[in-house]
Each structure stands twice: as structure tokens, then as C-alpha cells.
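Numbering (my numbering), first residue to last: 41 to 241.
Backbone N, C-alpha and C define an ideal beta-carbon position, used for all residues, glycine too.
What you are looking at is a predicted structure, and each value in this text was computed from that prediction instead of being measured.
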């Protein structure tokens with residue numbers, strides 16, 4: 041699917057077109073400032089037992105333009121560092137969304153590579169067969185599958201299930217265009233009337 045017509049959509053626009061349960065919790069934030077905006081197809085990874093092997097494999101396995109989305113079982117080991125981010129960037133990965141932590145924040149800033157995570161931690165994970173990729177994971181409280189669409193920006197992170205991408209994007213774009221065409225005066229009049237009806241009705 042060509043995502044170009046939808047690149048200007050914000051996480052808020054997507055969220056307005058969805059029900060509950062698709063926005064990740066506020067603990068996962070951009071490690072860069074200003075916050076970058078990324079949109080791409082998810083490539084999922086689960087890290088377990090302090091092993092980041094499958095995360096490291098994903099930077100070679102995930103298709104160009106993907107967002108690697110990670111569920112880590114603990115926040116006391118980094119699933120990635122500066123070199124992993126650099127290689128991911130070289131390989132065309134759009135960014136990371138990690139329910140866990142990374143390290144080498146200074147290197148990340150120099151790369152200007154988008155990473156959304158719970159924070160940083162100096163100790164790296166180990167390497168073992170533990171973990172898996174391209175499976176259903178939970179990231180920020182939201183179920184994510186490889187092939188789902190991720191939109192992440194300063195407003196938050198939202199997930200669009202694979203079979204709902206086209207419909208959700210079209211709805212979000214229509215809502216965005218309608219909002220942009222409405223003046224503040226018109227919005228205020230409609231808003232004031234609606235609130236008044238709720239409060240006084």
C-alpha cells in the first residue's frame with residue numbers, strides 16, 4: 041500500500057478514526073528531542089530472559105521502511121545500543137518502538153535515529169536462543185502483529201491492525217481535511233452548543 045498520501049497524519053488523527061485500545065501507554069516516549077514522526081509497517085520482536093538476540097536479528101531481517109516493535113520482559117537490560125541503531129538506519133529501518141530500554145543515548149542523538157522506548161539503561165542484554173520474532177506481542181499495552189501499521193510522533197503511538205489499515209487511514213484523512221476546512225469560530229460555536237446541551241440537558 042502506498043502510504044505517501046497519509047504521511048502528514050498525526051497519531052491524534054489516527055486515534056480519532058479508531059475505537060479504544062490502539063494507543064500505547066504514555067510510558068513509551070521518543071528518546072530524541074524534538075520528537076520525530078514515523079509511519080511504517082511493524083516487524084515484531086519479543087525479548088525474553090535478558091536476551092536481545094532477536095532484536096539484533098531484526099535489523100537484518102525486517103524489510104526496508106519497517107518499524108521494529110519490541111516487547112521486552114524486563115527494563116533492566118538494554119535491547120539495543122548505538123551500533124544496532126546505526127546498522128538499522130543503514131538498512132532503511134524507519135525506527136524502533138520498544139516496550140523496554142536501550143543504551144548509548146549520545147550515539148542515538150548523533151544518528152538522529154527515531155527510537156521510542158521507556159528509557160535508557162547501561163547494561164546490555166545477552167545473546168541466547170531465547171525470544172522470537174514475527175509473533176503477536178504486547179507493546180505499551182496494545183497487541184501488535186507483524187504487518188500492522190505504526191504511527192508515532194509527539195502526540196503518542198498508535199497501532200492500526202493490518203486488515204484495518206486502508207479503512208482507518210481513509211477515515212483519518214477525511215476527518216483531518218474536514219477539521220482543517222473548519223474555522224475556529226465555527227468550531228467554537230458547535231463546541232459551545234454541544235457542551236451546553238450536555239451540561240444543561
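Discussion item. Give me, in chain order, the residues of the same chain whose beta-carbon lies closer than 8 Å to that of residue 91; leave out the 5 immediate sequence neighbours on both sides.
Written reply: Here the question's residue 91 lines up with position 51 in the chain shown. For residue 91, where only same-chain residues beyond five positions count, the Cβ hits under 8 Å are 165, 166, 167, 168, 169, 170, 171.
Worksheet item: So, using beta-carbon positions, are residue 118 and residue 143 closer together than 8 Å?
Response: Counting from one through the chain shown, the residue named residue 118 turns up at place 78. Counting from one through the chain shown, the residue named residue 143 turns up at place 103. Yes. Within cutoff.
Worksheet item: What is the DSSP secondary structure of residue 189, reduced to helix, strand or coil?
Response: Residue 189 sits at position 149 when you count from the first residue of the chain shown. Of the three classes helix, strand and coil, the one that applies to residue 189 here is strand, per DSSP.
Discussion item. Can you list, in chain order, the residues of its chain with a C-beta nearer than 8 Å to that of residue 115? Leave out the 5 residues immediately preceding and following it.
Written reply: In the chain shown, the residue the question calls residue 115 occupies position 75. Excluding residues within five positions, the ones whose Cβ falls inside 8 Å are 140, 141, 158, 159, 161.
Practice prompt. Give, in chain order, every unbroken run of the beta strand (DSSP E) that is at least 3 residues long and sits entirely within the stretch 175-238.
Written response: 177-179, 182-184, 189-193, 196-200
Worksheet item: Leaving out the 5 sequence neighbours to the left and right, which residues in its chain are closer than 6 Å to residue 196 when beta-carbon positions are compared?
Response: Counting from one through the chain shown, the residue named residue 196 turns up at place 156. Answer for residue 196: 51, 63, listed in chain order.
Worksheet entry | Residue from 80, 121, 138, 101 with nearest C-alpha to residue 113 | Stepping through the chain shown from its first residue, residue 113 is reached at position 73. Nearest option by C-alpha distance: 138.
Worksheet item: Under the three-state reduction of DSSP, which class applies to residue 101: helix, strand or coil?
Response: The residue given as residue 101 occupies position 61 in the chain shown. Helix at residue 101.
Discussion item. Is it buried or exposed, residue 288, if we count other Cβ atoms within 10 angstroms and call 16 or more buried?
Written reply: The first residue shown for the chain is 41 and the last is 241, placing residue 288 beyond what the model contains.
Worksheet item: Buried or exposed: where does residue 121 fall if 16 or more other Cβ atoms within 10 Å of its Cβ makes it buried?
Response: Reading the chain shown from its first residue, position 81 is the one you call residue 121. By the 10 Å Cβ count, residue 121 comes out buried.
Worksheet item: Can you give the Cα-Cα distance for residue 101 and residue 222, rounded to whole angstroms?
Response: Against the chain shown, residue 101 aligns to sequence position 61. Against the chain shown, residue 222 aligns to sequence position 182. Taken atom to atom, the span from the alpha-carbon of residue 101 to that of residue 222 is near 45 Å.
Item to complete: Count the other CB atoms, across all protein chains shown, that sit within 10 Å of the CB of residue 235; report buried if there are 16 or more and exposed otherwise.
Response: Reading the chain shown from its first residue, position 195 is the one you call residue 235. When all chains shown are included, residue 235 counts as exposed.
Practice prompt. Flag this pair as yes or no: are the beta carbons of residue 125 and residue 151 separated by less than 8 Å?
Written response: Looking up residue 125 in the chain shown gives position 85. Looking up residue 151 in the chain shown gives position 111. Closer than 8 Å, so yes.
Worksheet item: So residue 213 packs on residue 46, CB below 8 Å; how close in whole Å?
Response: Numbered from its first residue, the chain shown carries residue 213 at position 173. Numbered from its first residue, the chain shown carries residue 46 at position 6. The pair is a contact, with the Cβ atoms about 6 Å apart (cut-off 8 Å).
Fill in: Cβ pair residue 174, residue 84 closer than 8 Å
Translated into positions along the chain shown, residue 174 becomes position 134. Translated into positions along the chain shown, residue 84 becomes position 44. Closer than 8 Å, so yes.
Worksheet item: For residue 139, does the three-state DSSP call read helix, strand or coil?
Response: Here residue 139 refers to the residue found at position 99 when the chain shown is read from its first residue. Residue 139: strand per DSSP, three-state reduction.
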